[in-house]
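Undergrad: Heads up: the sequence shown begins at 1 in my numbering, then just goes up one per residue.
Where is the CB? At the ideal position from N, CA and C, for every residue including glycine.
Sending over a structure as structure tokens; questions will come in a sec.
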Amino acid sequence: MAKKIIIGNWKMNPVDVKEAEVIAGKIVAGSDSLKKISIVVCPPFQYLERVGPIAKKKVVLGAQDCFFGGKGPYTGEVSPEMIKSMGVKYVIIGHSERRALGESDELINKKVGGALSVGLKVILCVGERSRDDSGEFLNFIKSQISQGLDKIKKSRLKNLLVAYEPIWAIGKDALHPATVQDVLEISIFIKKVLVDLFGREEGLKVPIVYGGSVDVNNCREFLTDGQADGLLVGRESLNPENFIKILKTANEL
Ligand code: PGA
Numbered sequence: 001m002a003k004k005i006i007i008g009n010w011k012m013n014p015v016d017v018k019e020a021e022v023i024a025g026k027i028v029a030g031s032d033s034l035k036k037i038s039i040v041v042c043p044p045f046q047y048l049e050r051v052g053p054i055a056k057k058k059v060v061l062g063a064q065d066c067f068f069g070g071k072g073p074y075t076g077e078v079s080p081e082m083i084k085s086m087g088v089k090y091v092i093i094g095h096s097e098r099r100a101l102g103e104s105d106e107l108i109n110k111k112v113g114g115a116l117s118v119g120l121k122v123i124l125c126v127g128e129r130s131r132d133d134s135g136e137f138l139n140f141i142k143s144q145i146s147q148g149l150d151k152i153k154k155s156r157l158k159n160l161l162v163a164y165e166p167i168w169a170i171g172k173d174a175l176h177p178a179t180v181q182d183v184l185e186i187s188i189f190i191k192k193v194l195v196d197l198f199g200r201e202e203g204l205k206v207p208i209v210y211g212g213s214v215d216v217n218n219c220r221e222f223l224t225d226g227q228a229d230g231l232l233v234g235r236e237s238l239n240p241e242n243f244i245k246i247l248k249t250a251n252e253l
């Protein structure tokens, strides 16, 4: 069985680099003996250089976004090559908080292509704003995946993860976390979409992770009954004690 992957998304936190170093140091110290899981921490771009050396081997560095091009006149953007040169291995693309700022599926598709082309592992986030009885939200998720992965070569899929992050379950204003049943059903649905796009062999290999109000109490069941291949953790990844408890729970499975 592949290792479960636990990804911490720090979003635009903490407010200064010193605190980032403290949080990273605690996470690294608390996770050293956890051999059965993969751990990724995604700080803001500005902290990558300082968190990188703390992360060492066990905790792998991720970024929360990147641009699609190599270099050029793109004020304020950060390229896949740049983050790669900082030691980043994973990049979150298409997070709902970026989509809410105006990122289209077309732009996300370019970013996915750019990141994969330099060998980064891409965590493509998808998820509906709300649910409806007729199941229209499934078409929405399907279209986010097919547009996000448009023209992506099958051979690149080994570096892809899909994160199911229903918007209604994310952040402090979340209605509630998804249920285990939701996670299981949507993971199967996403796998089916990937199989239809890329074929059975490649499609089934893509890990599907869940994100949205993951905490110490609910993490186990998402990974067991929900069959998630991993978790994308927001708020609780900034609390080293709780994040380590989540890591330990995943490591015990
Ligand atoms: P949350 O965020 O765990 O704070 O709900 C998850 C995410 O947005 O990735």
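On a CA-only basis, which of Gly52, Gly62, Val28, Asn109 is nearest phenylalanine 68? Give me that one, please.
TA: Stepping through the sequence shown from its first residue, residue 68 is reached at position 68. For the residues Gly52, Gly62, Val28, Asn109, the minimum Cα distance to phenylalanine 68 belongs to Asn109.
Undergrad: Quick test of the definition: if touching needs 3 or more C-beta pairs under 8 Å, does the region 137 to 157 touch the region 108 to 126?
TA: yes
Undergrad: Between leucine 34 and the rest of its own chain, which residues show a CB-CB distance below 6 Å, the 5 nearest in sequence each way excluded?
TA: Against the sequence shown, residue 34 aligns to sequence position 34. Hits under 6 Å: Leu247, Asn251.
Undergrad: Which residue spans inside the region 176 to 214 form an unbroken beta strand (DSSP E) run of at least 3?
TA: Whole beta strand (DSSP E) segments, 3+ residues: 208 to 211.
Undergrad: Could you check whether the Cβ of glutamate 165 sits closer than 7 Å to any heavy atom belonging to ligand 1?
TA: By 1-based counting over the sequence shown, the position of residue 165 is 165. Indeed, a heavy atom of ligand 1 lies less than 7 Å from the Cβ.
Undergrad: In the structure shown, what three-state DSSP assignment does valine 78 receive?
TA: Numbered from its first residue, the sequence shown carries residue 78 at position 78. In the structure shown, valine 78 sits in coil (DSSP, three-state: anything other than H, G, I, E or B).
Undergrad: Cutting at 6 Å between CB atoms, please list the residues of its own chain near glycine 211, excluding the five before and the five after it.
TA: In the sequence shown, residue 211 corresponds to position 211, counting from 1. Around glycine 211: Ala163, Glu165, Leu232.
Undergrad: Taking its Cβ as the centre, do 16 or more other Cβ atoms sit within 10 Å of alanine 20, making it buried, or is it exposed?
TA: Translated into the one-based positions of the sequence shown, residue 20 becomes position 20. Looking at its Cβ environment, which holds 16 or more other Cβ atoms inside 10 Å, alanine 20 is buried.
Undergrad: Quick one: residues in its chain with C-beta nearer than 6 Å to the C-beta of serine 38, no 5 flanking neighbours on either side, listed in chain order?
TA: Taking the sequence shown and counting its residues from 1, one reaches residue 38 at position 38. Closer than 6 Å at the Cβ level, and outside the excluded window around serine 38, lie Lys3, Ile5.
Undergrad: Throw me the rounded Cβ distance for the lysine 58 and valine 28 pair, which I believe falls under 8 Å.
TA: Reading the sequence shown from its first residue, position 58 is the one you call residue 58. Reading the sequence shown from its first residue, position 28 is the one you call residue 28. At roughly 7 Å, the Cβ-Cβ gap stays under 8 Å, so lysine 58 and valine 28 are in contact.
Undergrad: How many Å lie between threonine 249 and proline 177 at the Cα?
TA: The residue given as residue 249 occupies position 249 in the sequence shown. The residue given as residue 177 occupies position 177 in the sequence shown. Computed Cα separation, rounded: 18 Å.
Undergrad: Let me know the secondary structure DSSP gives lysine 58 once reduced to three states.
TA: Here residue 58 corresponds to residue number 58 of the sequence shown, with the count starting at 1. DSSP places lysine 58 in coil when its eight states are reduced to three.
Undergrad: Cβ of lysine 89 within 8 Å of Cβ of leucine 48?
TA: If you number the sequence shown from 1, residue 89 lands on position 89. If you number the sequence shown from 1, residue 48 lands on position 48. No, these two residues do not count as a Cβ contact at 8 Å.
Undergrad: Taking aspartate 215 as the reference, give the member of Val41, Leu101, Lys245 with the closest Cα.
TA: As a working mapping, residue 215 is identified with position 215 in the sequence shown. Closest option to aspartate 215, Cα to Cα, is Lys245.
Undergrad: Between asparagine 242 and ligand 1, is there a pair consisting of the residue's CB and a ligand heavy atom that are separated by less than 7 Å?
TA: Within the sequence shown, numbered from 1, the residue matching residue 242 stands at position 242. Not under cutoff, so the answer is no.
Undergrad: From phenylalanine 137 to serine 187, what does the alpha carbon distance come to, in whole angstroms?
TA: Start at 1 with the first residue of the sequence shown, and residue 137 comes out as number 137. Start at 1 with the first residue of the sequence shown, and residue 187 comes out as number 187. For phenylalanine 137 and serine 187, the distance between alpha carbons rounds to 14 Å.
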